[in-house]
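2 protein chains.
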Amino acid sequence: MCPTPDQIETNKEDMVPVDLSTAVKSNGTDRHGDKKGFYARPSDFLSNTSNWKIIESTLREGEQFATAWFDLETKIKIARALDDFGVDYIELTSPAASPESRAHCEAICKLGLKRSKILTHIRCHMDDARIAVETGVDGVDVVIGTSSFLREHSHGKDMTWITKTAIEVIEFVKSKGIEIRFSSEDSFRSDLVDLLSIYQTVDKIGVNRVGVADTVGCADPRQVYELVRTLRGVVGCDIETHFHNDTGCAIANAYAALEAGATHVDTSVLGIGERNGITPLGGLIARMMVADPEYVKNKYNLHMLREVENLVAEAVEIQVPFNNYITGFCAFTHKAGIHAKAILANPSTYEILNPADFGMTRYVSIGHRLTGWNAIKSRVEQLNLELTDEQIKDATAKIKALADVRTQTMEDVDTILRVYHTAIQQGKLKVGQPEVFDRLLDEHHASRDTSPSRTPAKRQRTDAEA
Amino acid sequence: MCPTPDQIETNKEDMVPVDLSTAVKSNGTDRHGDKKGFYARPSDFLSNTSNWKIIESTLREGEQFATAWFDLETKIKIARALDDFGVDYIELTSPAASPESRAHCEAICKLGLKRSKILTHIRCHMDDARIAVETGVDGVDVVIGTSSFLREHSHGKDMTWITKTAIEVIEFVKSKGIEIRFSSEDSFRSDLVDLLSIYQTVDKIGVNRVGVADTVGCADPRQVYELVRTLRGVVGCDIETHFHNDTGCAIANAYAALEAGATHVDTSVLGIGERNGITPLGGLIARMMVADPEYVKNKYNLHMLREVENLVAEAVEIQVPFNNYITGFCAFTHKAGIHAKAILANPSTYEILNPADFGMTRYVSIGHRLTGWNAIKSRVEQLNLELTDEQIKDATAKIKALADVRTQTMEDVDTILRVYHTAIQQGKLKVGQPEVFDRLLDEHHASRDTSPSRTPAKRQRTDAEA
Numbered sequence: 156m157c158p159t160p161d162q163i164e165t166n167k168e169d170m171v172p173v174d175l176s177t178a179v180k181s182n183g184t185d186r187h188g189d190k191k192g193f194y195a196r197p198s199d200f201l202s203n204t205s206n207w208k209i210i211e212s213t214l215r216e217g218e219q220f221a222t223a224w225f226d227l228e229t230k231i232k233i234a235r236a237l238d239d240f241g242v243d244y245i246e247l248t249s250p251a252a253s254p255e256s257r258a259h260c261e262a263i264c265k266l267g268l269k270r271s272k273i274l275t276h277i278r279c280h281m282d283d284a285r286i287a288v289e290t291g292v293d294g295v296d297v298v299i300g301t302s303s304f305l306r307e308h309s310h311g312k313d314m315t316w317i318t319k320t321a322i323e324v325i326e327f328v329k330s331k332g333i334e335i336r337f338s339s340e341d342s343f344r345s346d347l348v349d350l351l352s353i354y355q356t357v358d359k360i361g362v363n364r365v366g367v368a369d370t371v372g373c374a375d376p377r378q379v380y381e382l383v384r385t386l387r388g389v390v391g392c393d394i395e396t397h398f399h400n401d402t403g404c405a406i407a408n409a410y411a412a413l414e415a416g417a418t419h420v421d422t423s424v425l426g427i428g429e430r431n432g433i434t435p436l437g438g439l440i441a442r443m444m445v446a447d448p449e450y451v452k453n454k455y456n457l458h459m460l461r462e463v464e465n466l467v468a469e470a471v472e473i474q475v476p477f478n479n480y481i482t483g484f485c486a487f488t489h490k491a492g493i494h495a496k497a498i499l500a501n502p503s504t505y506e507i508l509n510p511a512d513f514g515m516t517r518y519v520s521i522g523h524r525l526t527g528w529n530a531i532k533s534r535v536e537q538l539n540l541e542l543t544d545e546q547i548k549d550a551t552a553k554i555k556a557l558a559d560v561r562t563q564t565m566e567d568v569d570t571i572l573r574v575y576h577t578a579i580q581q582g583k584l585k586v587g588q589p590e591v592f593d594r595l596l597d598e599h600h601a602s603r604d605t606s607p608s609r610t611p612a613k614r615q616r617t618d619a620e621a
Numbered sequence: 156m157c158p159t160p161d162q163i164e165t166n167k168e169d170m171v172p173v174d175l176s177t178a179v180k181s182n183g184t185d186r187h188g189d190k191k192g193f194y195a196r197p198s199d200f201l202s203n204t205s206n207w208k209i210i211e212s213t214l215r216e217g218e219q220f221a222t223a224w225f226d227l228e229t230k231i232k233i234a235r236a237l238d239d240f241g242v243d244y245i246e247l248t249s250p251a252a253s254p255e256s257r258a259h260c261e262a263i264c265k266l267g268l269k270r271s272k273i274l275t276h277i278r279c280h281m282d283d284a285r286i287a288v289e290t291g292v293d294g295v296d297v298v299i300g301t302s303s304f305l306r307e308h309s310h311g312k313d314m315t316w317i318t319k320t321a322i323e324v325i326e327f328v329k330s331k332g333i334e335i336r337f338s339s340e341d342s343f344r345s346d347l348v349d350l351l352s353i354y355q356t357v358d359k360i361g362v363n364r365v366g367v368a369d370t371v372g373c374a375d376p377r378q379v380y381e382l383v384r385t386l387r388g389v390v391g392c393d394i395e396t397h398f399h400n401d402t403g404c405a406i407a408n409a410y411a412a413l414e415a416g417a418t419h420v421d422t423s424v425l426g427i428g429e430r431n432g433i434t435p436l437g438g439l440i441a442r443m444m445v446a447d448p449e450y451v452k453n454k455y456n457l458h459m460l461r462e463v464e465n466l467v468a469e470a471v472e473i474q475v476p477f478n479n480y481i482t483g484f485c486a487f488t489h490k491a492g493i494h495a496k497a498i499l500a501n502p503s504t505y506e507i508l509n510p511a512d513f514g515m516t517r518y519v520s521i522g523h524r525l526t527g528w529n530a531i532k533s534r535v536e537q538l539n540l541e542l543t544d545e546q547i548k549d550a551t552a553k554i555k556a557l558a559d560v561r562t563q564t565m566e567d568v569d570t571i572l573r574v575y576h577t578a579i580q581q582g583k584l585k586v587g588q589p590e591v592f593d594r595l596l597d598e599h600h601a602s603r604d605t606s607p608s609r610t611p612a613k614r615q616r617t618d619a620e621a
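Next up, the structure:
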C-alpha cells in the first residue's frame, strides 16, 4: 500500500529526486522552486517564463475587432493606461492603412510614454515601410504569409519574391535606426523548411526579432513548443509569438512558447481582435503569475488591470465576460462546502492567484444549499458571535434548508445567525429544534417587517475596488 | 536562399519526410492526415483525439457557479438539452449534499434520456455512497484530495486512511452494478508516488475510470501531458480529466490530456463552475473539431450548441461572452483588408472552423477604415453592380475616407456603391474625382432625406440563426 508520510521522508534518498516536503508555496512550488508534487523536471534552460515581454496590440489587433472604432482621444487614453500598466511595447495599426491611422500613429509617438516603446505593423512592402519610418515609432513589425494557403490566396507570390522583398524592407528600416521584426502569418501551417530558411536569412541580416503567428487559431501547445524550440536553435534574435484563440489555446500556446525560448508575446486587452481574438492581457498575466509571481508583480502595475479592461470594454461597447480572468465577477468566488472550508483555512488551497495582488478581494459564497458548516463558522466569527461547533452545524442545517428554496443573501445568513445566537443565549432555543427556530425567525421578521424577498438573489459583483 | 517550390518538389526524397503538397485540408492536415507544414509527427498511438467522451458537469460543477440556482424544472430542461446535444454523460450534484439535491437526482434519473448516462459525484465516504446507489444513477464519481495541501487542510487524514476508505466505497458501489470512477483533487500538486499508488490500487480493484483534476487551475499542457502519459502506463482503466480555467489552460489541458491517452473530459456549458469555471463545452468542441472534424460532427448534434448555451446563460443570469467560442458574436467576424480578401477567396484561409457546421453564418465586416478593395468587390458583385477593378478601388478609397470619421454600416456601403455605379454609368463621374463624388453623395442623401447617422454604428450580432 502507500507508504506513510514518515516512511516517505526516511526513504527519500532512495527515490527519484522529488522533494516530498509538505512545505508548498502558494504558487505550487517547493523550496527548490520546482513544481511541487510532480517529478521535478530538470530546469529547462530555454525557458523564459521568468523573462519575457508584452507586445500590447489592442491598438493594432484590437482595431480589427468587430466593434472597435477608436478615435484619437480614446487611443491616447488606452495607450496611457497600457503605459501605466507597464507593457513593454504598444503596437499600432499600420500608418499605411489610412491617412487617419497615420495621423494617430504620429500623435501617439509624440505622447512621450514613460515605459512602453511604440511599434507599428506593416505589410512587407517598401511603400508601407517608407511611411512607417517617418512616424516616430521605435520599431516596425513586418508580416508576410508563408503558408501555401496564404501564398496562393493572399499574395499570389512565391517564396523567392517574398525573401527578396523582405531583405529590402529590413535593410531600409534598419538604416533608419529603428527596431525591426519579421514574422510570418499562419506559421503553424507553413512548410517548415520555408519558414526556417527565411527566418535564418533575416536573422543573418540582423532583424531584432522574428515572429511566429497562429493566425487561424488552430495550433496546440505541444506543437507550439516544438516549433518554437526548433526555431530557437536556428536564430539568435528574439522570438515573438502571436496566438489566435479560436480553439481556446491562445494563453496556453503563449506559455508553451515561452517555455520553449520565445521572448515576446502579443496580447490585447480582453483579447479583442480578429474573430474571437488573441491572447488576452489579463489571462496571460494570470498564467504567468503562477509561473513566477515575483517577476510579474515587480514588473507590471497589476492594480491597473481592471481599469484598462474597463476602458477598452467601454470603448468597444462590450461587457467584460462574467468569467474573465482575474477581474470577472466570479474569478474568486468560492461556493462549495468542501472548497469554502479549505479556502477559509488557507486561501492558497483552492486559489492559485491572490486577488489582493490585483487590488481585489475574495468572496466566499455561503448562503446556498451546498454550503458547509465551516464556511458558516467563519461568518459567525466575523460577526463576533459565540457558538459551539454543534450549534453552528445546527444553524447551518437551517440555512441549507432555506437555501433549498432560494439562495440566501449574506444579509439573510447574518440574520439567521444573529437570531439563532440570541435565542441560544436567552435559553429560548436548543440544538435540534428546527420548528422552534422557524417560529423565532418568523417572529423576528414580523417585528421588523424584514421578510426575505421571494425571488432568488442575483449575485452582484462583490469584489471591492482597492 | 530558399529553394523554389519546384526545387522542393524535386528534392523531396532527400529531405525529412514532409509532404510539401499544397493540398491542405481546412483542418490543416495533409492527405496523410498529419498536421501540414510542420515535420509530420509520427502518429501517437496513445492519442485519443479521435475517440473521447464528454462528462457534462453543468449540473454538478455548474451548480458551484456563483449565481447558479437551478430549480428542478430548469435542471430537467438542461439535462434534456445536453442529451439532445449528445453528451456521453451528465453529472449531477451529490444527492448527499441536501434533500433537494437527492430529489433532483432521482427525478433526472427517471427522465429516460436517450443518449446520456447519468453520474453523480460524492465524497469518498460510505454515508454518501449508500445514498448515491439508491438514486438510479448509472455511475458514481468519488473524489478525494491527495495533495499534501488538501490532506492537511481539507480532510486532515493521511494516505493509508484514504486508501482504506476508497477501497470500501469502490467495492460497495461495484456490488450494486454501478460504474465507479475514483479521482483525486489537486492532482497536479500531489505527490506522484502517492497518486500512482492509489490509482494502481483502485485500478486493480476494478474501477471503471480514474480521474485527474486540476482543481486550482494551475496546470499547464505539457505538465498535463506528462502526468497523463505516465498514468496511462500504470492503469488499464479509462482516464477522466477535469481542468479549472484560472490560468486560461482548461481547453488546452484537456487537449493535451487526450493526446496523452485520457479518455474522458469534464465540461460545463460556458465553463460555469467554481471560480471562473472549467473546460467549456463549446470551447472543447471548437478545439476537437480542428483535431478531427468528422468525429465531432458525426457524434454530437452541433446545431444544439447555441441553444443549450442560451438556456444555461439565462438560468444563471449571465451574458454569453462577446468572444465566446463559436457562438460569441465576433467568433466568425473578419475585418481586416488582408483577412477579408483571403476569406472571400477561400474561407478556410483564416477560418479553421466552419460556422455552417453549427448552424451559423460568417460575417465579413467591410465598412471600416481597414477595409480593402477585394472585400468591397465582393459586395459589388453581391449587389450585381458592374464596375471595373479600378473603379472599385476608387470607391473603396471613398469608403475608407468616410470610415475614418465613423464606421460605415452595410447600408451605408451599399448606398455609396450604388450612387457610384449610377454616376459612372451616367457619365457624371470618373475615377479619381473624390470631390465630385462627395457632391453626388450629398445630393443623394438630400433628395432622400437619408443622412447617415452621426454616431458610430454598433455592430449587432449578425450571424443568422439556422
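Line order of the protein sequences matches chains A and Z.
Using this note's numbering, you'd call the opening residue of the first sequence number 156 and step up by one each time.
Using this note's numbering, you'd call the opening residue of the second sequence number 156 and step up by one each time.
Glycine residues also receive a C-beta, built at the ideal position from the N, C-alpha and C atoms.
Exercise. Quick one: what does DSSP say Z/D549 is sitting in, helix, strand or coil?
Worked result: Three-state DSSP puts Z/D549 in a helix.
* Does the distance from the C-beta atom of A/V574 to that of A/R534 stay below 8 Å? -> Going by beta carbons, A/V574 and A/R534 fall outside the 8 Å limit.
**Under the three-state DSSP convention, the category Z/H399 falls into** = Here Z/H399 sits in strand by DSSP.
Q. Using the beta-carbon of each residue, which ones in chain A are nearer than 7 Å to Z/R430?
A. Correct list: C485, A486, F487, T488 and H489.
Q: Using the DSSP secondary-structure output, state which residues sit across from Z/F337 in a beta bridge.
A: Answer by DSSP bridge pairing, in chain order: Z/V297 and Z/V365.
Quiz prompt | Spatial neighbours of Z/Q595 in its chain, beta-carbon cut-off 7 Å, leaving aside the 5 residues before and after | solution = According to the sequence provided, residue 595 of chain Z is Leu. The question's Gln does not apply to it. Contacts found: V574, A578, K583 and L584.
Using Cβ-Cβ distances below 8 Å, what residues of the segment 463-485 of chain A are close to chain Z?
-> Near chain Z, meaning a CB-to-CB distance below 8 Å, the residues of the segment 463-485 of chain A are E472, I473, Q474, P476, F477, N478, N479, Y480, G483, F484 and C485.
Next on the checklist: Three Cβ pairs or more, each shorter than 8 Å: is that satisfied between the segment 244-253 of chain A and the segment 283-302 of chain A?
Outcome noted: Inter-segment contact for the segment 244-253 of chain A and the segment 283-302 of chain A is present: three or more beta-carbon pairs are separated by less than 8 Å.
Taking 8 Å as the threshold (C-beta atoms), are Z/D375 and Z/T396 in contact? Taking 8 Å as the Cβ cut-off, Z/T396 and Z/D375 do not qualify as a contacting pair.
Quiz item: Applying a beta-carbon distance threshold of less than 8 Å, which residues of chain A neighbour Z/K532?
Solution: Under the 8 Å cutoff, chain A gives no residues; its nearest Cβ is about 15 Å from Z/K532.
> Quick one: what does DSSP say A/A375 is sitting in, helix, strand or coil?
Replying inline: The residue asked about is misnamed: residue 375 of chain A is Asp in this sequence, not Ala. The answer is coil: DSSP assigns A/D375 none of H, G, I, E or B.
- prompt: Do A/S423 and A/S212 have their C-beta atoms closer together than 8 Å?
  reply: By the CB criterion at 8 Å, A/S423 and A/S212 fall inside the cutoff.
If you drop the 5 nearest sequence neighbours on each side, which residues of the same chain put their C-beta closer than 7 Å to that of Z/G241? Excluding sequence neighbours, Z/G241 sits near R270, K454, Y455 and N456.
Review point. Whose C-alpha, out of Z/T526, Z/L525, Z/M565 and Z/D559, is nearest the C-alpha of Z/Q537?
Key: Residue Z/M565 is the option with its Cα nearest to Z/Q537.
| said: Per DSSP, what are the beta-bridge partners of Z/D567 in this structure? | reply: For Z/D567, which the question treats as bridged, DSSP gives no partner whatsoever.
### Any C-beta of chain A under 8 Å from that of Z/F583
One detail in the question is off: residue 583 of chain Z reads as Lys in this sequence, not Phe. Interface residue (Cβ-Cβ distance to chain A less than 8 Å): Z/K583 is not classified as such.
Quick check: Z/F463 and Z/I427, are their CB atoms within less than 8 Å of each other? The sequence given here has Val at residue 463 of chain Z, not Phe. Against a cut-off of 8 Å, the Cβ pair of Z/I427 and Z/V463 comes out as no contact.
Near A/G437, what residues of its chain come up, given a Cβ to Cβ distance below 8 Å and the 5 sequence neighbours on each side ignored?
Shown here for A/G437: same chain residues with a beta carbon closer than 8 Å to its own, the five before and five after excluded, namely V424, L425, L460, E464, N479, Y480, I481 and T482 in chain order.
Query raised in the report: Taking 8 Å as the CB-CB cut-off, is A/G388 touching chain Z?
Result: No, A/G388 does not count as interfacial toward chain Z.
Kindly list, in the order they appear in chain Z, the residues whose Cβ is closer than 9 Å to that of A/S256.
Within 9 Å of the CB of A/S256, the CB atoms of chain Z belong to R524, L525 and D559, in sequence order along the chain.
Span of the alpha helix (DSSP H) around Z/L595: Where Z/L595 is concerned, the enclosing alpha helix (DSSP H) starts and stops at P589 to R603.
Check your understanding: Does any CB atom of chain Z fall closer than 8 Å to the CB of A/D401?
Key -> Residue contact with chain Z for A/D401: present (Cβ-Cβ distance below 8 Å to some residue of chain Z).
Ends of the alpha helix (DSSP H) at A/Y410? Run containing A/Y410: A405 to E414, per the alpha helix (DSSP H) assignment.
Please list, in chain order, all residues of the same chain as Z/G361 whose beta carbon is under 7 Å from its beta carbon, the five residues on each side excluded. Answer for Z/G361: K329, listed in chain order.
**Asked** Under the DSSP definition of a beta bridge, which residues are partnered with Z/K208?
**Response** In the DSSP assignment, Z/K208 forms a beta bridge with Z/H419.
- Query: Where Z/P254 and Z/T290 are concerned, what is the direct C-alpha to C-alpha distance, given to the nearest angstrom?
  - Reply: Take the alpha-carbon of Z/P254 and the one of Z/T290: they are about 12 Å apart.
- Item | Sequence ranges, alpha helix (DSSP H) only - wholly within the segment 244-276 of chain A, length at least 4 | Taken in chain order, the complete alpha helix (DSSP H) segments of 4 or more residues contained in the segment 244-276 of chain A are 254-264.
Margin query: Within a Cβ cutoff of 8 Å, which residues of the same chain sit near Z/E218, ignoring the five residues on either side of it in sequence?
Written below: By the criterion of a C-beta distance shorter than 8 Å, Z/E218 is surrounded in its chain by F225 and T248, once the five residues flanking it on both sides are discounted.
**OP:** For Z/V467, count neighbouring C-beta atoms within 10 Å of its own C-beta (all shown protein chains included) and say buried if the count is 16 or more, exposed if not.
**Re:** Buried is the call here.
Status (buried if at least 16 other CB within 10 Å, exposed otherwise) for Z/Q474 | Answer is exposed; the Cβ neighbour count stays below 16.
Against chain Z, does A/A284 count as a neighbour if the rule is that its beta carbon must be under 8 Å from one of theirs? For A/A284, the answer is no, since every Cβ of chain Z falls outside 8 Å of its Cβ.
Open item on the list: Less than 8 Å between CB atoms is the rule here; does Z/K553 satisfy it with respect to chain A?
Closed with: For Z/K553, the answer is no, since every Cβ of chain A falls outside 8 Å of its Cβ.
Item to check | is_contact[A/E289, chain Z] using C-beta, thresh 8 Å | outcome: False, the Cβ-Cβ gap to chain Z never drops below 8 Å.
Check your understanding: Does DSSP put Z/D393 in a helix, in a strand, or in coil?
Key -> Secondary structure at Z/D393: strand, using DSSP grouped into helix, strand and coil.
key: Residue from Z/A441, Z/D369 and Z/R336 with nearest C-alpha to Z/P510   = By alpha-carbon distance to Z/P510, the top candidate from Z/A441, Z/D369 and Z/R336 is Z/A441.
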